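Just so we're aligned: the sequence shown equals residues 4 to 268 in my numbering.
Glycine included, every Cβ here is placed at the ideal spot set by N, Cα and C.
Computed from a predicted structure; not experimentally measured.
Worksheet for the structure shown next.
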Amino acid sequence: MPSLKQSPAELRNMFGENLRQLSSSYASISDLSRQLGINRTQFNRYLSGESFPRPDVLARICSFFKVDARVLLEPVNEIGAGQDPILNTYMRDFVGVGASNIPNDIFPSGFYRFSRRTYHDKEIFIVGLVFVRREGTNTFMRGYETKDAMVLQGLPTNARAREFRGLVMQQEDGIGVLVSRRNSMTSSFNYLYRVASFENNYWVGYITRTVPEEVGKPRAVRMVYEYLGTKVANALPVARKTGFHTIDELPPFHRRLLRPDTPLS
Numbered sequence: 004m005p006s007l008k009q010s011p012a013e014l015r016n017m018f019g020e021n022l023r024q025l026s027s028s029y030a031s032i033s034d035l036s037r038q039l040g041i042n043r044t045q046f047n048r049y050l051s052g053e054s055f056p057r058p059d060v061l062a063r064i065c066s067f068f069k070v071d072a073r074v075l076l077e078p079v080n081e082i083g084a085g086q087d088p089i090l091n092t093y094m095r096d097f098v099g100v101g102a103s104n105i106p107n108d109i110f111p112s113g114f115y116r117f118s119r120r121t122y123h124d125k126e127i128f129i130v131g132l133v134f135v136r137r138e139g140t141n142t143f144m145r146g147y148e149t150k151d152a153m154v155l156q157g158l159p160t161n162a163r164a165r166e167f168r169g170l171v172m173q174q175e176d177g178i179g180v181l182v183s184r185r186n187s188m189t190s191s192f193n194y195l196y197r198v199a200s201f202e203n204n205y206w207v208g209y210i211t212r213t214v215p216e217e218v219g220k221p222r223a224v225r226m227v228y229e230y231l232g233t234k235v236a237n238a239l240p241v242a243r244k245t246g247f248h249t250i251d252e253l254p255p256f257h258r259r260l261l262r263p264d265t266p267l268s
């Protein structure tokens, strides 16, 4: 609980420190000031703890960063963190650190084509498309499972049922992604690490699914991610070709990285 005897200077300093932390994931303070509609000089005074914002400006700042007015009283990394499964004090130093402020050059925002072997037939592979984006200090993934895959699982094929989202976390040697469909109906974990390529735009690893063991069907298969960039024009041709494919129909470098004749160890 914050002290009831905090001085105005202490409150200004707390707000300034919190605002610096919230602003740290933005490359330009000038651009951030413009987005907030706040004069750059005045914004710097908030950052340095020289002044408080007016109530309407404070409301604008809180809405933009998705925090509440406790930003004046408490460290921002503790506000609302008690019930958060990642940012609570028990897990923050174990999981929360890896899920925050992932450098864009390690795993860029934008579109990715992925390919992997299906779980039900080792001769069939699936190609899909996902979008990775930053929101504040977090990195998220979003995509839609192909209709063919949903039919195979006996699941609805509408967009709401097909959508999946993921939280990206930085690992020591790569990237981990916790992925789930709506209401945690199914979940999976992706682990990826960058591999040498001409454009430095490939990651390889594996995906595991959360299902009971079934004889003859794997729960983990090798997976390849290919970065396509941020332009929709680059993603549309890939989107049209998502779905089930044979190994010969995959892009050559995907085939090479998937190593279909080598068991996943």
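Residue i, DSSP secondary structure in three states
i: ILE210; result: strand
i: PHE110; result: coil
i: LEU14; result: helix
i: GLN173; result: strand
i: TYR49; result: helix
i: GLY85; result: Its pLDDT being 49, under 50, GLY85 is placed unreliably in this model, and the value from its coordinates should be taken loosely. Three-state result, GLY85: coil.
i: ALA164; result: helix
i: PHE128; result: strand
i: SER33; result: helix
i: ASN21; result: helix
i: ASN186; result: helix
i: GLU252; result: helix
i: MET2; result: Here the chain comprises residues numbered 4 to 268, so residue 2 is not present and cannot be evaluated.
i: ILE178; result: strand
Rounded C-alpha distance that separates residue i from residue j
i: ILE250; j: VAL171; result: 28 Å
i: ASN186; j: LEU158; result: 14 Å
i: ARG37; j: MET17; result: 23 Å
i: ILE41; j: ILE32; result: 11 Å
i: VAL98; j: ILE105; result: 13 Å
i: ARG48; j: GLY19; result: 8 Å
C-beta contact flag for residue i and residue j at 7 Å
i: TYR228; j: LEU195; result: yes
i: ASN204; j: TYR230; result: yes
i: LEU267; j: ARG222; result: no
i: VAL130; j: HIS248; result: yes
Proximity test, residue i beta-carbon vs the ligand PLP heavy atom, cut-off 6 Å
i: LYS150; result: In terms of ligand content, the structure shown is empty, and the ligand PLP therefore cannot be addressed.
Cβ shell of residue i (< 6 Å), same chain only, five flanking positions each side left out
i: GLU53; result: none
i: VAL182; result: PHE167, GLY169, SER191
Per DSSP, cross-strand counterpart(s) of residue i
i: ASN141; result: SER103, GLU138
i: HIS123; result: Paired residues: none, contrary to the question.
i: VAL218; result: Answer is none; VAL218 lacks a bridge partner.
i: ALA223; result: THR211
i: SER200; result: None, per the DSSP bridge assignment.
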